[in-house]
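As you go down the protein sequences, you meet chains W and P in turn. So the number in the working numbering is just where the residue sits in the first sequence, counting from 1, plus 17. So the number in the working numbering is just where the residue sits in the second sequence, counting from 1, plus 2. Here the structure comes first, spelled out in structure tokens, and everything after it is commentary.
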Amino acid sequence: MTDRMPRKRRGTSPDELDLAALHESVDLVLEEAVRLGASSSEAAASVSQGLAVTARMGDIETVEHTQDRGLSVTVYFGERIGSASTSDYSSTSVRETVQAACSIARFTEKDPCHGLADPDDLATEFPELDLYHPWYLTVNEGKEIALACEQAALDYDRRIENSEGATIDSHQGCEVYGNSHGFRGESRKTQHGISCSVIGQNNGSMQRDYWYSASRKREDLEDASEIGRKSAERTVRRLGARKLNTCQVPILFEAPIASSLLSHFIGAISGGALYRKASFLLDHLGKPIFPDFVRVHEQPLLPRAMGSATFDSEGVATRVRDIVTEGVLEGYVLGSYSARRLGLETTGNAGGVHNLTIDSGKDDLPGLIEALGRGLLVTELIGFGVNSVTGEYSRGAAGFWVENGEIQFPVEEVTIAGNLKEMFQSIRAIGRDVDTKRNIRCGSILVDRLTVAGQ
Amino acid sequence: MNDALRTAKSTLLHPAGIEARDLDTLIGRLMAYDVDYADLYFQYSRSESWSLEDGAVKSGIRSVDQGVGIRAVSGEKTGFAYSNELYLPALTKAVDTARAIAASGGKSEQPMSLRARDGGALYTVDDPLMSLSDDTKVAFLQQIETEARRQDPRVSQVMASLAAVRDVVLIARNDGCLSADIRPLIRLNVQVIVESNGRREQGSAGGGGRFGYSWLQEDERGLNFARDAVRQALVNLEAVDSPAGTMTVVLGPGWPGILLHEAIGHGLEGDFNRKKTSAFSERLGEKVATAECTVVDNGTIVNRRGSLTVDDEGTPTQNTVLIENGVLKGYMQDTLNARLMGVESTGNGRRESYAHLPMPRMTNTYMLAGNKDPEEIISSVDQGLYAVNFSGGQVDITSGKFVFSASEAYRVENGKVTAPVKGATLIGNGPDVLTRVAMVGSDLALDTGVGTCGKEGQSVPVGVGQPTLRIDGLTVGGVKV
């Protein structure tokens, strides 16, 4: 448990004013909840602002200024719960929002698992995570960068004839969470990104691909021209794609999409899916899920990373921990409510995981393509054919046919299908080409065998 | 002044002390720059959601979201800003931010002063949140739970949610068009898990539209969704691995119309065609389907989830023919893309909220009925797949490749529907798939009101529909070779 965090007062920065206003809104919510008879309550208030500039075909296309606010409230009347939210911070609206939450709690059923996080679990230390690096990007600066990014893509190859544009965006925001245990935590984050998506044409058929960079700090972004070139390179290599005959072969998931496999894993060991018995990984604690070389862990305190946080969405301290050690499931992904439902302790994951990491092997992507030998390198997945209750997996895919450890030709309009439980067990290698732009950090993943459906 | 406009003004403008003439002033300020088109989009959205699990409604949430989106378009360039504050100083600031996209110094023509647009609403309820008392909403969800459990002892979990939103929008444009729309929307979702001999499967069903909650109580609609979710889960309990490869596929009526949404609809949105990034670009007048196929996007159907009285640019929605007897006839347009392509908006300019830019989006997209008896269609198939329910789909607009995943499907053998199969995903090529439509049923149905379409990060409610269709040579992605 902690008192309000020490706040630096410089007085002039708009961000500091924002934070002070957020603290006031949270104060007001918690006071109003007491006045209306709630036994406990919690509130989160946030503001963010940003700019996105898109250039397309050599000229500026859109300039979007964003500015968002949100206040969410949960009240408890003993074991009853009610929630409400608003985008209006006026004190009248804040009071109405608390009333709305209370009006819900009058009709909901009791549940002994409802309630704030246990006081002993709340964060008491708030190490600096270096997540706040405002850019104050101007429209002109954004325009120059977006134009340079797209131009590099258009110049890459004469078959790049069209473009969906290049976008640069920069956002900054802060959030305050407080609850009636006396916890108060604040966070400030920035996020900057550059992306480019272009279209290649060859013999009357078109292909599109993209590349992007995202970071907390401007200096950590990839060079805009490099992003343009990569988007063009990725597009051109898809030209002339064809279908495959239906077959069963090993599949190599390229790093940017391999993280989706880990999202499915996290979904299946999350509290909500487990207590509802809606997961293909029920009762697997202590059991092997992956081969023994696989380690999956959380690194919530990584400086400047996308998923870093000192506390979760109910104030519980995040923790550095292994979820999978030597292939064996060591822990679930729980918030306080789902933990109580399962008779377990929260793992500090209300709101999700923090920098989930799967440790890499020795190979880079070319090494993995060689290890693949004969099979499909998948670079894009589309569709939603994943059944979280049974683990059945069947998604649309595009990528490259590999033979003798070398890329042969681009592939499209196929599906890959299997069962996630078997796919996890049959992971053969994990690349060191780790994609660090996301909350899930993983390299390319080689899986033994799936069904590829084509012509 | 029509009722919607009166309500919108009293909800959005009067509390902030904004008068009609202030809107003229704001538009005038936008048009003081070299701007071709400008609009103000005021929105006040109130929503609620109640959730049931373990036999009890244990949680609920009410939300309010309000703001104004301000847009200035100059040539192909768009400037956009928004504010959560409805007060004049905040709006003036957002106007100055948005108009900065254009050079200073306006065109000679003066903006038209605002006039209300006439026209009745397509919805029959004003405020769906107030259409039932809170304790009745809770009791209704409990009835749903009881009905689901009553179906079969193998039902191990029932999750249900009941949600409603009332969206008040007011749109003011530089051409003088002033529109308002009060948009109700409700939805019930039921998901069940069944368990037998250690095997678990799920089923889900639901529906809704732009009416009050009572629609769910009429004709046992809500209870029928509960029964259908259980039925589907029990079917899946018996399902075997799906075959993989190219085969004849029969799609059932209604929700399988997401085939049209993914394979055809997105590729016919005006933005992609103006930019020539769609697999359908510059193909108007070409044959893209067999002669039995006529596909429309119709935003004017009373009370449907995808319907709107006016779109988010204040243009009345319409029934737009996309494909007529197999020939590509039209695109779906918003004002920006229509102007740049030299055509009229088709009333398809939609946005998720005031905080998002409008773009061409679908409303209710469906294929008209043909003349074949559905039974006859199935009995015409030697070996194939019969898919009646889907979980969702996605398309790559540029290459035209689409997928959608069946949540309830069966094998067809010698003209008979036989074993249920699981995990079947269909994949194909948009401009090509309707040329493989061999038979079109007489049983056109629209979906039950559950569709949500995502595009460039924005979600909007949509509808789909179709009659039973036989498609020859579609790739089915299963595990069984």
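Ideal Cβ positions, reconstructed from N, Cα and C, are used throughout, including at glycine. Computed from a predicted model, the values in this text were never measured in an experiment.
Would residue i pass as an interface residue toward chain W - the criterion being a Cβ-Cβ separation below 7 Å?
i, result
"P/ARG64", "yes"
"P/THR319", "no"
"P/ASP67", "yes"
"P/ASP98", "no"
"P/ILE72", "no"
"P/VAL251", "no"
"P/PHE82", "yes"
"P/ASP154", "no"
"P/VAL464", "no"
"P/ASN86", "yes"
"P/VAL171", "no"
Does residue i pass the burial test, meaning 16 or more other C-beta atoms within 10 Å, or should it be called exposed?
i, result
"P/GLY344", "exposed"
"P/GLN385", "exposed"
"W/LYS304", "exposed"
"W/ALA415", "buried"
"P/ASN431", "buried"
"W/ASN157", "exposed"
"P/ALA293", "exposed"
"W/PHE310", "exposed"
"P/HIS16", "exposed"
"P/SER133", "buried"
"W/ARG175", "exposed"
"P/ALA174", "buried"
"P/LYS418", "exposed"
"P/ALA421", "exposed"
"P/ARG101", "buried"
For residue i and residue j, what's the separation of their Cα atoms in angstroms?
i, j, result
"P/CYS179", "P/LYS11", "15 Å"
"W/LEU47", "W/PHE143", "22 Å"
"W/GLY190", "W/LYS454", "18 Å"
"W/ARG24", "W/SER232", "Any reading at W/ARG24 is ruled out, since the residue's pLDDT is 38, under 50, leaving its predicted position unreliable."
"W/THR19", "W/VAL92", "Only weak support exists for where W/THR19 lies, its pLDDT of 35 falling under 50; the value from the coordinates is given anyway. W/THR19 and W/VAL92: Cα-Cα distance of roughly 20 Å."
"W/THR29", "W/ASP35", "For W/THR29, the pLDDT reaches just 41, beneath the cut-off of 50, and the residue's location in the model is therefore unreliable, leaving the point undetermined."
"P/THR470", "P/GLN153", "28 Å"
"W/VAL419", "W/GLY392", "5 Å"
"P/LEU342", "P/VAL297", "25 Å"
"W/MET22", "W/ARG97", "Low per-residue confidence applies at W/MET22: pLDDT is 38, beneath 50, and the placement is therefore not dependable enough to give any value."
"W/LEU7", "W/SER325", "As shown, chain W starts at 18 and ends at 472. That puts residue 7 of chain W outside it, with no answer to give."
"W/CYS264", "P/SER244", "14 Å"
"P/GLN335", "W/ARG357", "51 Å"
Taking the continuous beta strand (DSSP E) assigned at residue i, which residues delimit it?
i, result
"W/GLU243", "First-last for W/GLU243: 241 to 253, but that is the alpha helix (DSSP H), not the beta strand (DSSP E)."
"W/HIS82", "76 to 94"
"W/PHE417", "409 to 420"
"W/TYR354", "Note, W/TYR354: premise wrong, no beta strand (DSSP E); alpha helix (DSSP H) at 353 to 359."
"P/ASP299", "297 to 300"
"W/LYS60", "Looking at the sequence itself, residue 60 of chain W is Ala, so the reference to Lys does not match. 57 to 73 is the extent of the beta strand (DSSP E) around W/ALA60."
"P/PHE406", "403 to 415"
"W/HIS314", "313 to 315"
"W/GLN442", "No beta strand (DSSP E) holds W/GLN442; the alpha helix (DSSP H) holding it covers 437 to 442."
Give a yes or no on whether 7 Å exceeds the smallest Cβ distance from residue i to chain P.
i, result
"W/ASP105", "yes"
"W/ARG86", "yes"
"W/MET22", "Below a pLDDT of 50, predicted positions are generally treated as unreliable, and W/MET22, at 38, falls in that range; the measurement from the model is reported next regardless. It does not: the Cβ of W/MET22 has no partner Cβ on chain P nearer than 7 Å."
"W/HIS188", "no"
"W/ILE444", "no"
"W/ILE216", "yes"
"W/SER56", "no"
The alpha helix (DSSP H) with residue i in it runs from where to where?
i, result
"W/VAL156", "156 to 173"
"W/GLY288", "288 to 292"
"P/GLU377", "376 to 381"
"P/GLY432", "432 to 435"
"W/SER280", "272 to 285"
"W/CYS119", "108 to 122"
Ranges of the alpha helix (DSSP H) found wholly within the segment 147 to 172 of chain P, counting only runs of at least 4
none
So within the segment 14 to 76 of chain P, which uninterrupted beta strand (DSSP E) runs reach at least 3 residues, ignoring any that extend past its ends?
39 to 55 and 58 to 76
Considering only residues of the segment 311 to 340 of chain P, which uninterrupted beta strand (DSSP E) runs meet the minimum length of 3 residues and lie entirely inside it, listed in chain order?
321 to 326
Give, in chain order, every residue of the segment 121 to 150 of chain W whose Cβ lies closer than 7 Å to some Cβ of chain A.
The structure shown contains no chain A; the protein chains it does contain are W and P.
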